[in-house]
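**Student:** This structure is in structure tokens; I'll ask about it shortly.
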Amino acid sequence: MIGKIMGSVASKIKKMNSTSTTQPTSASAPPPAETDLAAVQTVASGCAITVFPPYDPPDINRKSVFLAGSIDMGTAIDWQADLTKALSDLEIKIYNPRRPNWDPTWKQDIDFAPFRQQVEWELGSLEHVDVIAMYLPETSKAPISLLELGLFASSGRLIVACPKKFWRQGNVEIVCKRYNVPLVETVEKLEELVRERLENPVPPAKPIDMKDLALAGK
């Protein structure tokens, strides 16, 4: 059944005209059923396709971007919507972990199926996308994003935007410098990096010896 449903999703995406949009479910709605096609949102036909957990539309051969920054259980600013809109002209898949029907009361436990599904969807998506775009707003703590920064710093696919006033900006800057991760301060600059990295991918990074950096600065 799910194979037929997702096949239908892919077919509908290809046929939608330039004004068609599938509306996501409301924030107060329960977790989507497997047949809930609203989890796949088409921004515009022939342009970016935004994918929300737990789905991944099949048979759509496009480059992909994961929005790996602050959510803070839904309380952080919705920077993902701004970046998605800015990139909507590109023929890419955008993986947005900011689930439209996320329930902050979900138990943070490996045995709680909806929570585990969300986390495993995020990890699986992070592992296979072409670009990981991370934004860390100064008003956010972003513990999970910092975990993901450590996991994928050496992947060659990570780019980061982090303002100077972010509470752990110094740690972020040191990690980015060590693993040659591009670092900017704004979502607008992050968009520029996404476009550049999609056109010019780089291989996984080898850590830079910080002693060499210190000597080079003398």
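Final position of the sequence shown in UniProt numbering is 218; the numbers increase by one with none missing. Backbone N, C-alpha and C define an ideal beta-carbon position, used for all residues, glycine too. Source: prediction; values computed, not measured.
1) Along the chain, where does the alpha helix (DSSP H) that runs through residue 140 open and close?
2) From residue 179 to residue 207, what does the alpha carbon distance come to, in whole angstroms?
3) Residue 158 by DSSP, collapsed to three states: which one?
4) Which residue or residues does DSSP assign as beta-bridge partners of residue 183?
5) Who are the Cβ neighbours of residue 157 in its own chain at under 6 Å, not counting the five residues just before and after it?
6) I think residue 129 touches residue 65, with their Cβ atoms under 8 Å apart; what is that distance to the nearest whole Å?
7) Do you know offhand how far residue 62's Cα is from residue 148's?
8) Check whether the Cβ atoms of residue 71 and residue 97 sit closer than 8 Å, and answer yes or no.
9) Hey, is the segment 170-188 in contact with the segment 112-126, meaning 3+ C-beta pairs nearer than 8 Å?
10) Taking the C-alpha atoms as reference points, what is the distance between residue 152 and residue 169?
11) Can you tell me whether residue 174 is helix, strand or coil according to DSSP?
12) CB-CB under 7 Å to residue 145, same chain, minus the five flanking residues each way: which ones, in chain order?
13) Considering only residues of the same chain and omitting the five flanking positions on each side of residue 74, which have a CB-CB separation below 8 Å?
14) Give every residue of the same chain whose Cβ lies closer than 8 Å to the Cβ of residue 203, excluding the five residues on either side of it in the sequence, and list them in chain order.
15) Can you grab the Cα-Cα spacing for the pair residue 79 / residue 85, in whole Å?
16) Within the same chain, show all residues whose beta-carbon is closer than 8 Å to that of residue 205, passing over the 5 residues directly before and after it, in chain order.
17) Please return the same chain residues whose Cβ sits closer than 7 Å to the Cβ of residue 184, not counting the five positions on each side in sequence.
18) At which residue ranges does the segment 105-131 contain complete alpha helix (DSSP H) runs of 4 or more residues, listed in the order of the chain?
19) How many whole angstroms separate the CB atoms of residue 94 and residue 139, which I take to be in contact at a CB cut-off of 8 Å?
20) Which residues bound the alpha helix (DSSP H) around residue 206?
21) Helix, strand or coil: how does DSSP classify residue 165 here?
**Tutor:** In terms of the structure at hand:
1) Segment: none, residue 140 is in no alpha helix (DSSP H) and carries neither H nor E.
2) Distance between the alpha carbons of residue 179 and residue 207: 5 Å.
3) DSSP places residue 158 in strand when its eight states are reduced to three.
4) Answer is 160.
5) Taken in chain order, the residues that qualify are 131 and 132.
6) Residue 129 to residue 65, Cβ: 6 Å. Contact.
7) So the alpha carbons of these two residues sit roughly 23 Å apart.
8) Going by C-beta atoms, residue 71 is nearer than 8 Å to residue 97.
9) Because the criterion of three Cβ pairs below 8 Å is not met, the segment 170-188 and the segment 112-126 do not touch.
10) Approximately 17 Å, taken between the alpha carbons.
11) Taken through DSSP and simplified to helix, strand or coil, residue 174 comes out as helix.
12) Setting aside the 5 residues that flank it on each side, residue 145 is surrounded in the same chain by 68, 69, 70, 134 and 136, each with a C-beta closer than 7 Å to its C-beta; the list follows chain order.
13) Around residue 74, the same chain offers 27, 98, 102 and 104 as residues with beta carbons nearer than 8 Å, after the five sequence neighbours per side are excluded.
14) Excluding sequence neighbours, residue 203 sits near 156.
15) Just so you know, the alpha carbons of residue 79 and residue 85 end up roughly 10 Å apart.
16) Excluding sequence neighbours, residue 205 sits near 153, 154, 155, 156, 179, 180 and 181.
17) Exclusion of the five residues before and after residue 184 leaves 161, 190 and 193 as the residues of its chain whose Cβ lies within less than 7 Å of its Cβ.
18) Listed in chain order, they are 113-128.
19) For residue 94 against residue 139, the beta-carbon gap comes to about 23 Å, at or over 8 Å, which does not count as contact.
20) Following the DSSP letters along the chain, one finds residue 206 in no alpha helix (DSSP H), marked with neither H nor E.
21) Residue state for residue 165 is assigned as coil, using DSSP reduced to three classes.
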